[in-house]
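Participant:
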Amino acid sequence: MTGLHRSTTSGLRLSRRRPTARTALRALVVAGLLLGGLGGVAPALAAPEVVATAHDGYGRMVFRWDDPVRYTVEIQSGNLVAEFDAPVPADVALVPSRLDAYVDTVRVSGDRRTVTLPLKDDFRLKVFTLGGGVVIDLLGGPELAAPAPTPRDTTDSAPAPATSAPAAVRVRTGNHDTFQRIVFDWPRSVGHEMTRDGTRLTLRFDQPARLGVDAILSDLPDGFTDLGTQSGDGSSVFQMTVPEGANARTFESGPKVVLDVTLPDDPPAPAVPPQDSAEAPAQAAPEAEAEAEPETEAETGAETAPREETPPPGADAADTDAPVDTGLAPDEREIPVDAPATEPATEPEPEPGAAPEDTAPQTNTDPADTSDVMPEERPEVLPAALTDAPDDGGAPEDGGAPDDSAMTEDAGDGAEDVAPPSPPTSGSFVSLGFPWDQPTAGAVFRRAGYLWVVFDRFQEVDLDLLRRSGRGVVRTIEQVRVGPNSTLVRMTTAPGYNPSLRRDGLLWVVDLMQQPLRPERPIEVEPQLQSPVGSRLLLPVVEGGRVVPVRDPELGDQFFVLPLIQLGHGVYPARSFPEVTLPVTAQGVVVIPHSDRIEMRSSRSGAEIAAADGGLTLSEEDTRLQTLSTLGEGALKQIFDVPGWRREDDTMSFHEVLQDLQYAVAVAPESRRGQARLELARYYFANGYAPEALGVLRAIGEEQVEMVNTAAFRALRGATNFLMHRNGEAVDDLGHPSLIDVDEAAFWRAAAQSRLGHAGLQASVLEATGGVLETYPPDLRIPLSLVAAEAAIEAGDDLAANTFLEAARDPEFNTTHDEAAIKYLEGNLLASTGAFEAAMAAWREAEIGQSRFHAARATKARLDMEYDLDLIGADELIAGLEGLRFAWRGGDFEYDLLRELGDLYLQEGRYGDSLRNLRLAASYFQERPGVEELTETMRQVFDTLFLDGAANDMPPLKAIALFDEFRELTPTGNKGDEMIRRLADRLVSVDLLDPAAGLLERQIRYRLRGLERTRVGARLALVYLLNRQPGNALEALDKTRFAPLPERLERQRRHLRARALADTDDVPAAIALLENDSSEDARVLRAEIHWRDRNWAQAAQALAELVPAPPPGDAELPEKDAFRLIDWATALTLAGDETAVSLLRERYFDVLEGTPFQDAFDLVTATPEAGLIDIGSVGGKIRQAEKFRSYLTAYRDRLREDRLSAIN
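One point on numbering: in the UniProt record's numbering, the residue at position 1173 of the sequence shown is 1173, and numbering is uninterrupted.
1) Can you find at least 3 beta carbon pairs, one from the segment 652-672 and one from the segment 775-788, that sit closer than 8 Å?
2) Give me the Cα-Cα distance between arginine 714 and isoleucine 740, rounded to the nearest whole angstrom.
3) Quick check on DSSP: helix, strand or coil for tyrosine 71?
4) Where tryptophan 843 and aspartate 798 are concerned, what is the direct C-alpha to C-alpha distance, given to the nearest angstrom?
5) Just to confirm the assignment: which complete beta strand (DSSP E) runs, minimum length 3, are found wholly within the segment 1017-1097?
6) For proline 294, does the three-state DSSP call read helix, strand or coil?
7) Can you find the residues in the same chain that come closer than 6 Å, C-beta to C-beta, to proline 356, ignoring five residues on each side of it along the sequence?
8) Alpha carbon to alpha carbon, what distance is there between tryptophan 65 and threonine 241?
9) Tell me whether the segment 846-854 and the segment 869-881 touch, counting them as touching only if at least three CB pairs, one residue from each stretch, are closer than 8 Å.
10) Using the Cβ count rule (16 or more neighbours within 10 Å means buried), how would you classify tyrosine 1006?
11) Is DSSP giving glutamate 812 helix, strand or coil here?
12) Among Phe128, Ala93 and Ala101, which has the Cα closest to the Cα of threonine 116?
13) Shortest alpha-carbon distance to aspartate 226 belongs to which of Asp91, Asp233, Gly254 and Gln239?
14) I'd like to confirm the pairing. Which residues does DSSP put opposite tryptophan 452 in its beta bridges?
15) Is valine 62 closer than 8 Å to phenylalanine 84 when the C-beta atoms are compared?
16) Taking contact to mean at least 3 C-beta pairs separated by less than 8 Å, is the segment 86-103 in contact with the segment 254-266?
17) Could you have a look at proline 118 and say whether DSSP puts it in helix, strand or coil?
18) Using 8 Å as the cut-off, can you tell me whether the segment 520-531 makes contact with the segment 440-456, which would need three or more C-beta pairs spanning the two stretches below that distance?
19) If you compare alpha carbons, which of Tyr895, Leu881, Ala922 and Phe893 is closest to leucine 904?
20) Reducing DSSP to helix, strand and coil, say where lysine 1120 ends up.
21) Which first and last residues belong to the beta strand (DSSP E) in which glycine 174 is found?
22) From isoleucine 216 to asparagine 498, what does the alpha carbon distance come to, in whole angstroms?
23) Give me the Cα-Cα distance between leucine 99 and alanine 54, rounded to the nearest whole angstrom.
24) What span of residues does the alpha helix (DSSP H) with aspartate 994 cover, start to end?
25) Give the C-beta separation of leucine 716 and arginine 682 to the nearest angstrom, bearing in mind that I take them to be a contact with Cβ-Cβ under 8 Å.
26) Alpha carbon to alpha carbon, how far is arginine 673 from valine 642?
27) Taking the alpha carbon of valine 742 as the reference point, which residue from Asp649, Glu49, Lys637 and Val765 has its own alpha carbon closest?
28) If you draw a straight line from the alpha carbon of glycine 232 to that of proline 208, how long is it in whole angstroms?
29) Mapping the DSSP letters down to three states, classify serine 832 as helix, strand or coil.
30) What does the alpha-carbon distance come out to for the pair alanine 248 and aspartate 177?
31) Rounding to the nearest angstrom, what Cα-Cα distance links glycine 1031 and phenylalanine 1149 in this structure?
32) To the nearest angstrom, how far is it from the Cα of tyrosine 1024 to the Cα of threonine 1040?
33) Below 6 Å CB to CB, which residues in the same chain sit around arginine 1196 once its five sequence neighbours on both sides are set aside?
34) Taking the alpha-carbon of leucine 125 as reference, which of Gly688, Asp137, Arg646 and Pro118 has the nearest alpha-carbon?
35) Exposed or buried, glycine 141, counting other C-beta atoms within 10 Å across all chains shown (16 or more means buried)?
36) Excluding the 5 residues flanking glutamine 753 on each side, which residues of the same chain have their C-beta closer than 6 Å to its C-beta?
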């Protein structure tokens, strides 16, 4: 027998059944997983352990792990062999002693994965998973004989009658600040003796028993080791090693034996002298806590009845961990183990052989019988000093207090010596405050004589403060441990006192006054007969907290509590259904299940009560009320009969039926052929052959035109188009007027529409009509449910999302693609509720699945989440997303991926990569709605680069390359021209003349007209001249002619042409263009042309026009003029005009004296010695002094300080 044990974190219910084949739609068994942050998770309630227990007629072993474990269990040659895929979590050495009627020994393999037990007889085997454990039952064992009951007032030990196995004695422990307490719960008084040998302690009892020490092993502190027990020869022995230096003592409290071990380096436990009087002070030792039995029990014959294992709810017996009859400290916790065989359970345990596999004995409220199968821990009672005798379990729901005379003996043992509170006066009330530091949901209700207050967050409650606040009304109060994420406080009150709720900020206040138990705003309980998971109960609550599973310490049953943040919302009146009861509450919701199938889950959109393996059982009255409540709406109107169309009950094979239908089409008369074809198309559709069905429907459309506009045809063709992912055509068909009132068509239409985008808008329709899925086979139900679940998640409808995800789960039919899709959607749902770690875990499972599509989606979702949580940086996110570029192509995935990469690159300042990804998205998905926004984003990025100056931070070559790559983004009009102007200016400023010329050429060719074209043509000509391309400069000037021109622009273009002509050796034409032009630029240009032509006389004449007369007085000649004076002198010298040189020296020497130009001028104009000029010396000095300022040099200087566009 093989199986997979799953942990209880997948749902909230009493036990879990293994999924059955062909389950139509199971309830939402993974609500806890999906709603981790919302409150749908049941905490793991059992630690790893191995438990063995002998029952009447069978023996049971329970193996528990933290995580799911696969197993194989079988009987081979008289041996029970259990193999697990994880090591056995605890010691199994005690199994033979616990099951001595079934096995002799136990063997464990070296890797602790295989357990072998030789069997004593031919037992039958039953194996199942239940409540978080793998349960192995050996059926056909001996019945357990119970010893004769002992009267309660018997104080002397009496020998137990012979039995087939020793009685089981419960053992529990409590951790205290200065000592460790261990309590042996004997059903009657026994003699005992304690001895020590160093650190080894031995406690011998004078009656045989099976001492249940297994349950306390994990709760003992360090130093308490090597626990062992023996039983036989009329006695039983308990042994344990204690820490060095520890002291130990024992005492009796009624029939119980208490062992206290004082921890080393701590003061010893207080001495406990025996007391002879019931009037001893409250500080008396626990030995004195056993008081006389109440007379009421003796009068009613209680002395002859066996003591019940479960005390009345109001009784604070030792069995309920209250700090009474055994002297246990208030923080002591009971560890449940096997109950004594002499004590009957409150309900008979069913025979395992007669129980279904998932309902093996588990209804017994005896802790001994439930501890080895239930995954939940017994509630732990935290410190609570009781201020009065507890109420009886039969207290009325309205808060009436029971009669104290009904208390059992344990209720009176050890009551604290606290003065009883004064009785409340009429009309008085008290207020109990529960402060929190964050929003917290609460529930308040009555059960079994107690008032319960439950919150979905944990804190240690100040019970002393509550006790003082409730004086006169609150009689007892205690905190019960229900898990790490919840707080439960229960109390008994004076008769007639019930709660009202209010809040002051984050403080919850419970006002207790004489009033009926009622909520301020009753919650509507809505039976829903049709849903994707069958019938269920819906509660339209918002701000629901975490569902809290609670095991009643008194009654032993488990129920669910849903705390709410909304104040005053509770259940009234009480509602009862065949499988659940919802009692009246002042706040929140309480669900008492009558079946182990029941599950409850909470989400942002409401709460749901459902059942596994089929819908919740609702009575005829529920059905009638639901019908009346929906009068006018009616049941869902359907048009498909998919089960009938599949012909599952037909004895013929698929192909045989298909051949019959094809033959029917072939032989049908013309008047019947359309209908015969429709039957064939339906058969194809219902059996998952969508392409074939569409082909038949196309033939009907061509030949039986009269059928095209019928509801039957349109619905079938629309659904078939959906299965073919032709969603647009599906929406058209399913929106036909003939289907306007058909719910089933509305569901399919919404599913198709959701695939086209904005799925969340279709969620309400899908949820309202989703009940149609209940009759669909898996190959239709699963894909539709996945689409609907994704829409619900996008809309934030957690309850509907869970419902559709559960409808999609079908282990027998789910493909690997389905499994990956479910995990991916589970992650999305968890992320939407804030359970980020669980969401990423679900996505990782999808990533390793066999679906490339959903693996890619899950990877992207996980990477985005890790980035949002600052677990990875932008570079890691970009690298991860780039790795998905080719994981899946097309559709929303690739579009979203490219767009996100574009945004990330832009965020990181990588403009080129951003534009490339955005351009790919815009070009691949041109028909996609909203793609215009993507193009606009690209334009904005381009503007940022070349208008706002972001490109200035790039190397110029990279900037022009990026501009050329995305030239199509250049805006039209002045904005685009300005962009080009700025870029050209920058290129010229760094002497990148070729790319600048190309930029201006394209602007002239494609963008400019008229005067502006002529202006830019002059700039282009200058760039060509600077780049020594005079021919291109002349061409640029020729093709940008325009008339008339402003005088300044016309003169600039003439000068540029003259220089270009001169550079092409056409000096006469160049000089002719400058004739009659007396502007400074013309004079400089003439001088430059003659200088380059070595016409020194003409150059000197042109330069003479540029040099002003000597300034008067001591004024200096401007630098520019000084340079031109030296150029003039140089030209005269090279022209051999000595007279002119002498006159020039005489006129300007004093002006240049003392300036940086004096030496150069002196050199050039010096009189030659002996009447001869040393030509070699003059040439060298001229080369040193020559500083001729050409026309283009002046332009270069201007462009270094200004922009190209500034020249005109």
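C-beta: ideal position from N, C-alpha, C; glycine also.
Facilitator: Put simply:
1) no
2) Here residue 714 refers to the residue found at position 714 of the sequence shown. Here residue 740 refers to the residue found at position 740 of the sequence shown. When rounded, the distance between both Cα atoms is 11 Å.
3) Here residue 71 refers to the residue found at position 71 of the sequence shown. Looking at tyrosine 71 - three-state DSSP - the assignment turns out to be strand.
4) By 1-based counting over the sequence shown, the position of residue 843 is 843. By 1-based counting over the sequence shown, the position of residue 798 is 798. Straight-line spacing of the CA atoms in tryptophan 843 and aspartate 798 works out to 18 Å.
5) none
6) For the purposes of this step, residue 294 is identified with residue 294 of the sequence shown, where counting begins at 1. For proline 294, the predicted structure reports a pLDDT of 37, less than 50, and the residue's modelled location is therefore unreliable. The matter cannot be settled from this model.
7) Within the sequence shown, the letter at position 356 stands for residue 356. Model confidence at proline 356 stands at a pLDDT of 38, short of 50, so the residue's coordinates are unreliable; what they give is reported in the following sentence. Nothing meets the Cβ criterion.
8) Taking the sequence shown and counting its residues from 1, one reaches residue 241 at position 241. Taking the sequence shown and counting its residues from 1, one reaches residue 65 at position 65. One C-alpha to the other measures close to 28 Å.
9) Per the Cβ contact rule, the segment 846-854 is not in contact with the segment 869-881 (fewer than 3 Cβ pairs under 8 Å).
10) Reading the sequence shown from its first residue, position 1006 is the one you call residue 1006. Counting Cβ neighbours within 10 Å, tyrosine 1006 comes out exposed, since fewer than 16 surround it.
11) Translated into the one-based positions of the sequence shown, residue 812 becomes position 812. Residue state for glutamate 812 is assigned as coil, using DSSP reduced to three classes.
12) Residue 116 sits at position 116 when you count from the first residue of the sequence shown. Ranking Phe128, Ala93 and Ala101 by Cα distance to threonine 116 puts Ala93 first.
13) As a first step, residue 226 must be located in the sequence shown, where it is residue number 226. Minimum Cα distance to aspartate 226 is reached at Gln239.
14) On the sequence shown, residue 452 is found 452 positions in, with the first residue counted as 1. Secondary-structure assignment with DSSP links tryptophan 452 through a beta bridge to Phe445 and Arg490.
15) Along the sequence shown, read from residue 1 onward, the residue named residue 84 stands at position 84. Along the sequence shown, read from residue 1 onward, the residue named residue 62 stands at position 62. No, these two residues do not count as a Cβ contact at 8 Å.
16) no
17) Mapped onto the sequence shown, residue 118 falls at position 118. Here proline 118 sits in strand by DSSP.
18) No, they do not touch.
19) For this step, residue 904 is matched to residue 904 along the sequence shown. Selected option, being the one with the closest Cα: Leu881.
20) In the sequence shown, counting from the first residue as 1, residue 1120 sits at position 1120. Residue state, collapsed to three classes: helix.
21) Translated into the one-based positions of the sequence shown, residue 174 becomes position 174. Segment 168-175, the beta strand (DSSP E) holding glycine 174.
22) Taking the first residue of the sequence shown as 1, we reach residue 216 at position 216. Taking the first residue of the sequence shown as 1, we reach residue 498 at position 498. Answer to the nearest angstrom: the Cα atoms are 39 Å apart.
23) Counting from one through the sequence shown, the residue named residue 99 turns up at place 99. Counting from one through the sequence shown, the residue named residue 54 turns up at place 54. Answer to the nearest angstrom: the Cα atoms are 6 Å apart.
24) Within the sequence shown, the letter at position 994 stands for residue 994. Looking at the DSSP string, the run of the alpha helix (DSSP H) that includes aspartate 994 is 993-1006.
25) Taking the sequence shown and counting its residues from 1, one reaches residue 716 at position 716. Taking the sequence shown and counting its residues from 1, one reaches residue 682 at position 682. Indeed, because the Cβ distance is near 7 Å, the residues count as touching under 8 Å.
26) Mapped onto the sequence shown, residue 673 falls at position 673. Mapped onto the sequence shown, residue 642 falls at position 642. Arginine 673 and valine 642: Cα-Cα distance of roughly 21 Å.
27) Taking the sequence shown and counting its residues from 1, one reaches residue 742 at position 742. Nearest C-alpha to valine 742: Lys637.
28) Along the sequence shown, read from residue 1 onward, the residue named residue 232 stands at position 232. Along the sequence shown, read from residue 1 onward, the residue named residue 208 stands at position 208. One C-alpha to the other measures close to 6 Å.
29) Walking along the sequence shown from the start, residue 832 turns up at place 832. Serine 832: helix per DSSP, three-state reduction.
30) For this step, residue 248 is matched to residue 248 along the sequence shown. For this step, residue 177 is matched to residue 177 along the sequence shown. Going by the C-alpha atoms only, they are around 15 Å apart.
31) The sequence position of residue 1031 within the sequence shown is 1031, counting from 1. The sequence position of residue 1149 within the sequence shown is 1149, counting from 1. About 43 Å.
32) Within the sequence shown, numbered from 1, the residue matching residue 1024 stands at position 1024. Within the sequence shown, numbered from 1, the residue matching residue 1040 stands at position 1040. Answer to the nearest angstrom: the Cα atoms are 14 Å apart.
33) Along the sequence shown, read from residue 1 onward, the residue named residue 1196 stands at position 1196. Here the set comprises nothing.
34) Residue numbering aside, residue 125 sits at position 125 when the sequence shown is read from its first letter. If you compare the alpha carbons of Gly688, Asp137, Arg646 and Pro118 with that of leucine 125, the shortest gap goes to Asp137.
35) On the sequence shown, position 141 is the one that residue 141 refers to. Buried: at least 16 other Cβ atoms inside 10 Å.
36) The residue labelled residue 753 in the question sits at position 753 within the sequence shown. Same-chain partners within the cutoff: Val731 and Gln762.
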